[in-house]
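Working notes, structure below.
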Amino acid sequence: MTREPDEWVDEEAGPVVRPYAVTRGRTKPSSPAELDLLATVMATGQPPPAKADLSARHRRLVDCVTGQTRPVAEIAAELDLPVGVARVLLGDLLDYGLVSVRPPLSKATTPTESLLREVIDGLRAL
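Every number in the numbering used here is 12 more than the matching position in the sequence shown, counting from 1.
This is the structure in structure tokens:
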């Protein structure tokens, strides 16, 4: 197993990397896109630009969303990253055009409980 340069080993915990080391001290994504917990992310399929400085975690994030759309919270959980770290890394990927982000649906566009009950009742009546 190869380790990134900012990784060290704790006797009890194993490989450990502090969140600020993963994000190079950044706490907010550089991209203005809203990376809400329920925002969905998908890989664009574009190759990384020559100037892209991608870490192994960046590549794992791209792999995690290649071929499927996933919410930010799910990506962070699957890769065992704090949500803040996942947002910063996803912001980097957005800047490089490697992922696209779709904001979560607003409450105005989601069906109401009464509408869903009417649909269920209509289906039962069939």
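Note that beta-carbon positions come from the ideal geometry of N, C-alpha and C, so glycine has one too.
For clarity, every value in this text was computed on a predicted model and none was experimentally measured.
### Message
Do Val-84 and Leu-117 count as a contact pair if the criterion is CB distance below 7 Å?
### Response
no
### Query
If you draw a straight line from the alpha carbon of Cys-76 to that of Thr-121, how long is it in whole angstroms?
28 Å
#### Entry: Residues of its chain near Val-95, where Cβ-Cβ distance is below 6 Å and the 5 sequence neighbours each way are ignored
Ala-88
### Message
Taking 7 Å as the threshold (C-beta atoms), are Arg-71 and Val-53 in contact?
### Response
no
### Task
Let me know the secondary structure DSSP gives Leu-64 once reduced to three states.
A small fix is needed here, since residue 64 is Ala in this sequence, not Leu. DSSP places Ala-64 in coil when its eight states are reduced to three.
### Task
Determine the DSSP secondary structure at Ala-137, reduced to helix, strand or coil.
helix
### Task
Please report how far the alpha carbon of Gln-58 lies from the alpha carbon of Ser-42, in whole angstroms.
20 Å
### Query
In angstroms, rounded to a whole number, what distance separates the CA positions of Ala-64 and Glu-90?
24 Å
### Task
Determine the DSSP secondary structure at Ala-51, reduced to helix, strand or coil.
coil
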